[in-house]
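S.K.:
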Amino acid sequence: MSSISIIGLGNMAGALAARALAGGNTVEIIGRDLARAEKVAATLGRGATAGTFGATPSGDLVALAVPYASAVPIVTQYGDALAGKVVIDMTNTSTADATGLVTPDGTSGAQEIAKAAPASAHVVKAFNTVFGHVLARGGSLDVLLAGDDARAKQGVSALAESMGLRPLDAGGLELARWMEGAGVLMISLARHGVGDFDFSLGVNPSA
Ligand SMILES: NC(=O)c1ccc[n+]([C@@H]2O[C@H](COP(=O)([O-])OP(=O)(O)OC[C@H]3O[C@@H](n4cnc5c(N)ncnc54)[C@H](OP(=O)(O)O)[C@@H]3O)[C@@H](O)[C@H]2O)c1
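Take 465 as the starting number for the sequence shown in the working numbering and just add one per residue.
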């Protein structure tokens, strides 16, 4: 069982929280509006709690379920409150027209978040290639993850498995840029060939 704090009160936060709770994990919900976070936690039930924004999160895992533009400022504001934590970065860094990334070549949202985090925190890119409503619907999905710390990746993998998902290690944190690229690809596929957002990205063994 894992303990996870989720910063954000939106779609991804709700989907991740519900599935993490169903998987027997401990969940803390953190929003900039504590009263709203308390409401979300009460609605989720199963012992979910609400945490104060900016205070040390109770979870060993801390998920950033906020837009990328807010993620680095939030991590900077948290500072040492994230010491020793596994920070799950699920942000997508797509441009608004879904043709590229907002981060410059040679880096990624996850790497910029890692630069802002305390040295003892470990950033793992994960869940950005899963649509929130698809995650909420249930069922098994592939969860790609990337990070530089094997134990941190193990922790995120264990969380994903408890949620009935299949974690797939994509490599070190430098792979986050390509996972973020996969996020762009998914949005563009939804707008073009697939025609809707009701699909997931997965890896199938060859026959
Ligand atoms: N939706 C998807 O299918 C999907 C899939 C993969 C990855 N993602 C990524 O997951 C992240 C969250 O997406 P979402 O769809 O859940 O977005 P969302 O529904 O718009 O929720 C975003 C949440 O972030 C909070 N937030 C924004 N700026 C903040 C700040 N400075 N301090 C504290 N909280 C802040 C918002 O708080 P308020 O409620 O107070 O405004 C809101 O609760 C994004 O990075 C997105 O790219 C989304």
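Just so you know, even glycine gets a beta-carbon here, dropped at the ideal spot from N, CA and C. Just so you know, these numbers come straight off a predicted model, no measurement behind them.
#1: Alpha carbons only, please: which of 557, 590, 628, 573 is nearest the one belonging to residue 525?
#2: Taking 6 Å as the cut-off, does the CB of residue 430 come closer than this to any heavy atom belonging to ligand 1?
#3: Check residue 630 in the structure and name its three-state DSSP category.
#4: Suppose contacts are defined by Cβ-Cβ distances below 7 Å. Is residue 477 in contact with residue 470 by that definition?
#5: Taking the runs of the alpha helix (DSSP H) that are 4 residues or longer, which of them lie wholly in the region 483–559?
#6: With H, G and I counted as helix, E and B as strand and the rest as coil, what does DSSP make of residue 635?
#7: Could you give the residue range of the alpha helix (DSSP H) that holds residue 598?
#8: Hey, could you find the ends of the alpha helix (DSSP H) residue 469 is sitting in?
#9: Is the region 565–580 touching the region 528–548 in the sense that three or more CB pairs, one from each, lie closer than 8 Å?
#10: Tell me where the beta strand (DSSP E) around residue 609 begins and ends.
#11: If you measure from the CB of residue 472, is any heavy atom of ligand 1 nearer than 6 Å?
#12: Could you work out which residue in 646, 635, 600, 547 is closest to residue 484 when comparing CA atoms only?
#13: Under a Cβ-count criterion, where at least 16 other Cβ atoms within 10 Å of its own Cβ denotes burial, should residue 540 be classed as buried or exposed?
#14: Out of 582, 613, 585, 644, state which residue places its alpha-carbon closest to the alpha-carbon of residue 607.
#15: Tell me the residue span of the alpha helix (DSSP H) that contains residue 580.
#16: Give me the Cβ distance between residue 557 and residue 532, rounded to the nearest whole Å; I'm assuming they're in contact under 8 Å.
#17: Tell me whether residue 465 is buried or exposed, calling it buried when 16 or more other Cβ atoms sit within 10 Å of its Cβ.
#18: For the beta strand (DSSP E) containing residue 587, name the first residue and the last one.
M.R.: In short, the structure shows the following:
#1: If we check each option's Cα against that of residue 525, 590 comes out closest.
#2: The shown model of the chain, from 465 to 671, leaves out residue 430, and the question about it has no answer.
#3: Residue 630: strand per DSSP, three-state reduction.
#4: Result yes, Cβ atoms of residue 477 and residue 470 sit closer than 7 Å.
#5: Taking 4 residues as the minimum length, the alpha helix (DSSP H) runs contained wholly in the region 483–559 are 498–508, 532–542, in order along the chain.
#6: DSSP, read as helix, strand or coil, puts residue 635 in strand.
#7: Where residue 598 is concerned, the enclosing alpha helix (DSSP H) stretches over 596–601.
#8: For residue 469, no alpha helix (DSSP H) encloses it; the enclosing beta strand (DSSP E) starts and ends at 467–471.
#9: Under the Cβ criterion (8 Å, minimum of three pairs), the region 528–548 counts as touching the region 565–580.
#10: For residue 609, the enclosing beta strand (DSSP E) begins and ends at 606–611.
#11: Flag set: Cβ of residue 472 near ligand 1.
#12: The candidate whose alpha carbon is nearest that of residue 484 is 600.
#13: Counting Cβ neighbours within 10 Å, residue 540 comes out exposed, since fewer than 16 surround it.
#14: In this structure, 644 is the residue among 582, 613, 585, 644 with its C-alpha nearest to the C-alpha of residue 607.
#15: First-last of the alpha helix (DSSP H) with residue 580: 573–580.
#16: Sure, about 5 Å apart at Cβ, within 8 Å.
#17: Exposed, since its Cβ has fewer than 16 Cβ neighbours within 10 Å.
#18: Its beta strand (DSSP E) spans residues 586–590.
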